[in-house]
Amino acid sequence: MKKLVLSGFLASEEIYINQLEALLLPMRPLKATATTSQPVLTIQQVETIFYKIQDIFEIHKEFYDALLPNIQQWDEKVTVGHLFQKLNLKVKGPKDSKDCTTTVSMEALLYKPIDRVTRSTLVLHDLLKHTPKDHPDFPLLQDALRISQNFLSSINEDIDPRRTAVTTPKGEARQLVKDGFLVEVSESSRKVRHVFLFTDLLLCAKMKKTAVGRHQQYECKWYIPLADLTFQTLDDSDSCPSVQVLPEHEIEEMKIKISALKSDIQKEKKAPKGQSRVERLRKKMNEQESWLLLYSPTIPFRIHNKHGKSYLFLLSSDYERSEWRESIQKLQKKDLQACILSSVELQVLTSSCFKLRTVHNIPVTSNKDDEETPGLYGFLHVIVHSAQGFNESANLYCTLEVDSYGYFVSKAKTRVFRDTTEPHWNEEFEIELEGSQYLRILCYEKCYDKSMLNKDDNEIVDKIMGKGQVQLDPQTVQSKNWHMDVIEMNGIKVEFSMKFTSRDLSLKRTPSKKQSGVFGVKINVVTKRERSKVPYIVRQCIEEVEKRGIDEVGIYRISGVATDIQALKTAFDTNTKDILVMLSDMDINAIAGTLKLYFRELPEPLLTDRLYPAFMEGIALSDPAAKENCMMHLLRSLPDPNLMTFLTLLEHLKRVAEKEPVNKMSLHNLATVFGPTLLRPSETESTKGQHITSASDIWSHDVMAQVQVLLYYLQHPPISFAELKRNTLYFSTDV
39 MKKLVLSGFL
49 ASEEIYINQL
59 EALLLPMRPL
69 KATATTSQPV
79 LTIQQVETIF
89 YKIQDIFEIH
99 KEFYDALLPN
109 IQQWDEKVTV
119 GHLFQKLNLK
129 VKGPKDSKDC
139 TTTVSMEALL
149 YKPIDRVTRS
159 TLVLHDLLKH
169 TPKDHPDFPL
179 LQDALRISQN
189 FLSSINEDID
199 PRRTAVTTPK
209 GEARQLVKDG
219 FLVEVSESSR
229 KVRHVFLFTD
239 LLLCAKMKKT
249 AVGRHQQYEC
259 KWYIPLADLT
269 FQTLDDSDSC
279 PSVQVLPEHE
289 IEEMKIKISA
299 LKSDIQKEKK
309 APKGQSRVER
319 LRKKMNEQES
329 WLLLYSPTIP
339 FRIHNKHGKS
349 YLFLLSSDYE
359 RSEWRESIQK
369 LQKKDLQACI
379 LSSVELQVLT
389 SSCFKLRTVH
399 NIPVTSNKDD
409 EETPGLYGFL
419 HVIVHSAQGF
429 NESANLYCTL
439 EVDSYGYFVS
449 KAKTRVFRDT
459 TEPHWNEEFE
469 IELEGSQYLR
479 ILCYEKCYDK
489 SMLNKDDNEI
499 VDKIMGKGQV
509 QLDPQTVQSK
519 NWHMDVIEMN
529 GIKVEFSMKF
539 TSRDLSLKRT
549 PSKKQSGVFG
559 VKINVVTKRE
569 RSKVPYIVRQ
579 CIEEVEKRGI
589 DEVGIYRISG
599 VATDIQALKT
609 AFDTNTKDIL
619 VMLSDMDINA
629 IAGTLKLYFR
639 ELPEPLLTDR
649 LYPAFMEGIA
659 LSDPAAKENC
669 MMHLLRSLPD
679 PNLMTFLTLL
689 EHLKRVAEKE
699 PVNKMSLHNL
709 ATVFGPTLLR
719 PSETESTKGQ
729 HITSASDIWS
739 HDVMAQVQVL
749 LYYLQHPPIS
759 FAELKRNTLY
769 FSTDV
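If you're matching positions, the sequence shown starts at 39 in my numbering and goes up one per residue.
Now the structure itself:
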């Protein structure tokens with residue numbers, strides 16, 4: 039093996055010596071003209087460009103001539119470490135390219151000397167692997183490796199742009215300002231890129247696959263000098279690649295799978311000999327989280343080179359887009375000059391990215407240590423009180439974002455406070471957390487000018503006035519009291535309060551003590567009292583949503599204002615006479631939230647505790663005919679008020695999904711929102727015996743099946759009450 043390694047290195051050394059000879063050809067005449075009256079280059083320039091090429095050539099020729107006879111007459115006891123020591127001590131010079139027997143550019147040739155040190159370092163690693171420790175060559179090779187590694191690390195320090203060998207066109211040091219992983223749409227497919235913003239240019243790189251144990255390296259995909267960068271959207275179709283957008287249900291399903299994997303990992307950790315399985319599960323989770331990171335972002339961020347192409351990134355939040363845009367615009371305020379990097383400068387800059395980067399890993403939880411906080415699962419209650427610090431009156435509103443699976447999602451939005459410098463929203467929201475660690479608040483000025491239509495997403499572009507984020511500290515948030523806080527953003531202060539309810543508490547169905555109301559009261563009691571087939575609250579909320587909410591983006595997914603929902607809850611519970619007036623004035627998300635709350639607070643689920651195990655088994659049947667028989671029989675087994683209410687809701691949700699191109703709510707999205715609400719059992723025999731280990735387990739526990747049950751009925755041709763009751767089949771519910 040040792041002979042094989044050395045033979046390979048000797049062959050490449052021969053190519054390298056030929057390449058050095060090729061460099062000496064132009065060097066000699068250039069050197070000769072340097073002393074004449076019309077020099078092509080000065081003597082100093084020649085010596086800088088062809089730095090010690092003659093010396094390097096002689097050292098390598100000497101090394102080659104000494105190594106060749108050792109290979110030709112091979113002897114196990116031969117020592118070669120001293121030759122490598124001599125080679126590495128003497129060689130000092132420029133950097134990096136691959137060996138090549140074909141024609142090589144002058145620039146690539148000038149890079150060869152450093153590449154040889156890299157190559158000889160790898161060869162020394164291999165030689166040590168195949169040299170016994172008691173062999174006299176072992177300490178010599180070790181020493182040669184140490185010299186080689188020290189030399190390489192000193193070169194890396196020399197090209198660190200913070201001390202920099204590479205300067206900007208104005209002679210200032212180029213510094214890294216910001217970097218991060220973004221999803222780029224390239225040739226109509228999504229690619230994860232590491233983007234670096236320097237003081238004078240934006241560089242988009244991808245991680246190169248390297249051999250195990252080697253340093254990771256970046257490959258530059260493109261760069262734009264900041265002097266040439268604009269954010270304008272071009273009208274020609276070439277600049278707008280079509281974006282592959284996945285149906286949201288696939289994203290939701292992946293989240294559920296990841297959540298289930300997380301709980302499996304926790305269980306395996308406690309199991310004896312579970313470590314090897316933990317590694318396998320972690321690998322699988324990493325793949326799934328990376329997939330999620332690639333396909334979940336949808337907010338377009340276009341950058342355009344005045345003299346060339348446009349590029350499209352997809353981000354998961356407006357906050358992130360605004361951060362990148364602001365950082366670039368701040369640098370563009372300086373007097374920038376356009377810069378063109380030579381391939382050598384670009385190579386040096388790209389290789390320095392590895393050392394300079396501030397974001398090291400793709401943001402997925404499987405990259406984090408177990409000791410790191412896993413985030414919160416449950417419901418965060420947030421009241422957005424007021425804001426101050428605006429210079430002039432504007433139409434103002436706030437949005438709330440929380441992180442989920444490595445990226446941020448928008449969860450709630452306040453109403454627009456018109457023409458004011460001191461908005462007082464005082465609106466409360468209930469936000470579902472899925473392993474969240476941060477809350478972000480963004481403050482916008484509403485733009486009603488139709489001429490400001492954004493070509494990216496056909497929405498009027500509202501101006502971000504300020505943005506900020508707070509860490510969700512479990513200790514602070516989990517106290518039962520409200521915790522008040524202020525976020526400062528660009529001179530604007532937004533005052534808000536929050537408190538947290540863990541999921542196991544918030545998911546409990548608690549029957550109402552008063553039987554006179556409708557919330558927390560059995561559905562048959564309400565319909566009997568009202569002499570109706572479907573509770574009045576369900577009919578009225580559905581009617582209002584169909585009247586003016588069916589085109590609302592994210593209807594049933596975006597949180598309504600909690601205080602509005604509470605006001606409607608009280609009105610329905612006390613049977614207030616002016617409830618119809620309240621409904622017509624109320625924000626549509628609050629009405630949608632009231633309907634969800636009604637089903638969530640039923641003392642037992644709409645599809646009943648008794649039938650829950652049968653629904654879970656029925657949906658798992660693989661034979662379509664058996665599944666159809668079972669699922670229809672289960673509906674027939676429901677009490678009449680439950681069945682009528684369920685069928686009414688089913689037809690309504692189908693009508694909502696028909697408007698999916700506008701409201702972005704597919705059948706699967708709606709099944710995800712309503713499935714657990716309609717099926718999740720109350721604290722009964724069906725759940726008492728089940729041991730649930732953590733809050734994330736509660737979420738993943740049976741949720742997928744609950745969603746699938748509702749989806750089955752939503753995708754089914756229309757089901758009529760009369761038809762169901764007529765076609766009674768002899769089929770037991772004990773599946």
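Even glycine gets a Cβ: it sits at the ideal position worked out from N, Cα and C.
Coarse secondary structure for residue i, derived from DSSP in three states
i, result
"isoleucine 421", "strand"
"aspartate 266", "helix"
"arginine 718", "coil"
"serine 389", "helix"
"cysteine 668", "helix"
"asparagine 701", "helix"
"arginine 456", "strand"
"asparagine 680", "helix"
"glutamate 472", "strand"
"isoleucine 479", "strand"
"valine 559", "coil"
"leucine 160", "helix"
"glutamate 497", "Its pLDDT being 48, under 50, glutamate 497 is placed unreliably by the model, and the measurement read from it follows with that caveat. If DSSP states are grouped into helix, strand and coil, glutamate 497 belongs with coil."
"aspartate 273", "For aspartate 273, the predicted model reports a pLDDT of 44, less than 50, meaning its position is unreliable; a value from the coordinates is still stated below. Coil."
"phenylalanine 428", "coil"
"asparagine 707", "helix"
"isoleucine 502", "strand"
Residue i - partner residues in DSSP beta bridges
i, result
"aspartate 217", "Phe234"
"valine 524", "Glu533"
"tryptophan 260", "Cys242"
"tyrosine 435", "Tyr482"
"leucine 353", "Ile337"
"lysine 344", "Bridge partners of lysine 344: none, in fact."
"histidine 398", "Its beta-bridge partners do not exist; DSSP assigns none."
"lysine 451", "Thr437"
Residue i to residue j span [Cα, whole Å]
i, j, result
"isoleucine 378", "serine 224", "23 Å"
"aspartate 103", "leucine 48", "10 Å"
"tyrosine 333", "valine 283", "7 Å"
"methionine 536", "valine 420", "4 Å"
"histidine 345", "glutamate 96", "46 Å"
"cysteine 481", "cysteine 436", "4 Å"
"serine 758", "glutamate 584", "21 Å"
"leucine 688", "leucine 716", "11 Å"
"aspartate 494", "leucine 353", "Any answer about aspartate 494 is weak, because its pLDDT of 46 lies below 50 and its placement is not dependable; what the coordinates show is given next. Roughly 13 Å separates the two Cα atoms."
"lysine 551", "leucine 633", "20 Å"
"isoleucine 294", "valine 741", "8 Å"
"glutamine 509", "arginine 638", "29 Å"
"lysine 321", "leucine 331", "15 Å"
"asparagine 188", "serine 540", "53 Å"
"threonine 74", "lysine 246", "47 Å"
"lysine 763", "tyrosine 574", "23 Å"
"alanine 177", "methionine 39", "Looking at the sequence itself, residue 177 is proline, so the reference to alanine does not match. Cα to Cα, the separation comes out at about 18 Å."
"asparagine 429", "threonine 458", "10 Å"
Best match in the options for proximity to residue i [C-alpha to C-alpha]
i, options, result
"arginine 66", "Glu51, Ala49, Tyr89", "Tyr89"
"alanine 265", "Gln604, Phe236, Val440", "Phe236"
"glutamate 472", "Lys585, Ile561, Tyr445", "Tyr445"
"leucine 644", "Thr608, Val599, Lys615, Val576", "Val576"
"serine 328", "Phe417, Gln76, Leu220, Ile109", "Leu220"
"leucine 58", "Asn429, Val78, Gly119, Leu148", "Leu148"
"valine 230", "Ile87, Lys216, Pro401, Arg318", "Pro401"
"proline 335", "Ser314, Leu162, Arg359", "Arg359"
"alanine 695", "Glu666, Ile588, Leu125, Ile185", "Ile588"
"arginine 478", "Tyr415, Asp356, Glu317, Phe455", "Asp356"
"leucine 61", "Ser45, Met39, Asp93, Lys41", "Asp93"
"isoleucine 657", "Tyr750, Glu52, Leu319, Lys41", "Tyr750"
"proline 641", "Asn613, Asp602, Arg547, Val700", "Arg547"
"glutamate 761", "Thr710, His690, Gln753, His671", "His671"
"methionine 620", "Gln326, Cys579, Tyr349", "Cys579"
Check: residue i C-beta below 6 Å from any heavy atom of the ligand COA
i, result
"proline 662", "Summarising the ligand content, the structure contains no ligands, and the ligand COA is consequently not present."
Contained alpha helix (DSSP H) runs [length at least 4] in the region 618–647, N- to C-terminal order: Listed in chain order, they are 626–638.
Length at least 4, wholly inside the region 301–336: the alpha helix (DSSP H) runs in chain order: Listed in chain order, the complete alpha helix (DSSP H) runs (minimum 4 residues) inside the region 301–336 are 313–333.
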